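Under the working numbering, the first residue of the sequence shown is numbered 856, with each subsequent residue one higher. Don't be surprised by glycine CBs; every beta carbon is placed ideally from N, CA and C. All of these numbers come straight from a predicted model, not from anything done at the bench. Here's the structure, in C-alpha cells; my notes come after.
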Amino acid sequence: MNVDVMTRPAVLILLGPPGAGKGTQARMLQEKFGLVQLSTGDLLRAAVAAGTPAGKQAKAVMDAGGLVSDEIVIAILNDRIAAEDCRNGVILDGFPRTTVQAQALDDLLSSTGQKINAAISLEVDDSAMVERISGRSTCAGCGEGYHDTFKPPHNGACVKCGSTELTRRADDRAETVASRLEAYHAQTAPLIAYYKAAGVLKSVDAMAEIDKVAGDMASVVRSVIG
Ligand code: AMP
C-alpha cells in the first residue's frame, strides 16, 4: 500500500447525492492515505442487521429513502469516531447530511482540537444517478462495490476476494432513489454553502470515470493535508 504521509489527523467530508460515488471514492482514499472511511449508511445498516434499538427505529425511514433522525445518527457517529483506528484521520462518507449534524460535528471536533481539512463536493447530474444506483452491488465478502455497466465483477466474482455473493441494497430500488435524491436536495445540499462559508469547500467533477475522479480527489486531499 502506498500511503501518503500526514503530520496530523485529517478530517475529510464527502458531499454529494446518492450515486455520486462517495463510497467508492472514500474506499480509494482510505487505501491511498491510510485514513478510515466512516459511512453512517454502513453503520446504520449494521445496526439494522444487528437489531439494535437504533437500528429498529432507523429501518423504516431508510427503506422509505428518508433521513434517519439527527439524534440517532450523531450518537452512532460520535461512538465510531472515538475508536482507536480513527486516530490517523477519517473520511466522512454520508455524514453530515443536515445542518444540525454539521454543527454537532463542529462541536465534536472543537472539543478534541481537530478541524475539517476539506469538504469535497462530488459534482454530478441528477439525471445520471438513477442508472448509477440501480446497477450497483456490493461484495458480501469484502465490501468492494460493483456496477453492472461501469464496473462489473469478473465472471460473476469479486476481483478482490473471489466471493460470488454480491448483494444489492434494498433502498437502491428506483422508487426509493427518487425520495433519497429529494432528501439530498432539501436537507443536505445546503451544506455546500455551509462549508463554503467555513472556507473548506472543494469541488470535483464526479461525472468522469472512476479513476479520473480518484486522481482529482487525491490531488485535492494532498493539497489540504500535512
Ligand atoms: P447511504 O449508504 O449513505 O446512502 O445511506 C443510506 C441511508 O441511511 C440513507 O438513505 C438514510 O436513510 C440513512 N443515513 C445515512 N447517513 C445518514 C445521515 N448522516 N443522516 C440521516 N440519515 C442517514
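Inset, instruction - Would you mind sorting Gly920 into buried or exposed? The rule is 16 or more other CB atoms within 10 Å of its CB. - result: As a working mapping, residue 920 is identified with position 65 in the sequence shown. Classification of Gly920: buried, given that the 10 Å Cβ count is 16 or more.
Legend entry - Every unbroken alpha helix (DSSP H) inside the region 965 to 1044 [4 residues or more]: 981 to 989 and 1029 to 1038
Legend entry - Separation of Leu977 from Ala1061, as counted between CA atoms: Reading the sequence shown from its first residue, position 206 is the one you call residue 1061. Reading the sequence shown from its first residue, position 122 is the one you call residue 977. Answer to the nearest angstrom: the Cα atoms are 5 Å apart.
Inset, instruction - Using only the heavy atoms of the ligand AMP, determine whether one of them is closer than 7 Å to the beta carbon of Gln885. - result: By one-based count along the sequence shown, residue 885 stands at place 30. The answer is no for Gln885.
Legend entry - Cβ-Cβ distance between Cys997 and Ser1018 below 8 Å: The sequence position of residue 997 within the sequence shown is 142, counting from 1. The sequence position of residue 1018 within the sequence shown is 163, counting from 1. Yes, the pair counts as a contact, with Cβ atoms nearer than the cut-off.
Legend entry - Simplified DSSP state of Met856, which is helix, strand or coil: Numbered from 1 along the sequence shown, position 1 holds the residue referred to as residue 856. Caution is warranted here: a pLDDT of 47 is assigned to Met856, below 50, making its placement in the model unreliable, and no coordinate value can be reported.
Inset, instruction - For Cys994, count neighbouring Cβ atoms within 10 angstroms of its own Cβ and tell me buried if that reaches 16, exposed if not. - result: Residue numbering aside, residue 994 sits at position 139 when the sequence shown is read from its first letter. The residue is buried, with at least 16 neighbouring Cβ atoms inside 10 Å.
Legend entry - Rounded C-alpha distance that separates Glu1037 from Ile1080: Within the sequence shown, the letter at position 182 stands for residue 1037. Within the sequence shown, the letter at position 225 stands for residue 1080. For Glu1037 and Ile1080, the distance between alpha carbons rounds to 33 Å.
Legend entry - Phe1005: CB within 7 Å of a non-hydrogen atom of the ligand AMP: In the sequence shown, the residue the question calls residue 1005 occupies position 150. Phe1005: no, Cβ never under 7 Å from the ligand AMP.
Legend entry - Alpha-carbon spacing of Asp980 relative to Asp961, whole angstroms: The residue labelled residue 980 in the question sits at position 125 within the sequence shown. The residue labelled residue 961 in the question sits at position 106 within the sequence shown. Cα to Cα, the separation comes out at about 29 Å.
Inset, instruction - Give the straight-line distance between the Cα atoms of Val1068 and Ala875, rounded to the nearest whole angstrom. - result: Residue 1068 sits at position 213 when you count from the first residue of the sequence shown. Residue 875 sits at position 20 when you count from the first residue of the sequence shown. The alpha-carbon atoms of Val1068 and Ala875 are separated by roughly 11 Å.
Inset, instruction - Check the DSSP bridge columns for Asp1060 and list the partner residues they point to. - result: Mapped onto the sequence shown, residue 1060 falls at position 205. BP columns for Asp1060 point to Glu978.
Legend entry - Bridge-paired residues (DSSP) for Ala865: On the sequence shown, position 10 is the one that residue 865 refers to. Its beta-bridge partners are Gly944.
Legend entry - Cys1016 versus Leu899: straight-line alpha-carbon distance, rounded: Counting from one through the sequence shown, the residue named residue 1016 turns up at place 161. Counting from one through the sequence shown, the residue named residue 899 turns up at place 44. Cα-Cα distance, rounded: 24 Å.
Inset, instruction - Return the chain-ordered list of same chain residues with a C-beta closer than 6 Å to the C-beta of Thr1043, the five sequence neighbours on each side being excluded. - result: Position 188 of the sequence shown holds residue 1043. Around Thr1043: Arg952.
Inset, instruction - Would you list the residues sitting across from Leu870 in a DSSP beta bridge? - result: Translated into positions along the sequence shown, residue 870 becomes position 15. Leu870 pairs with Ser976.
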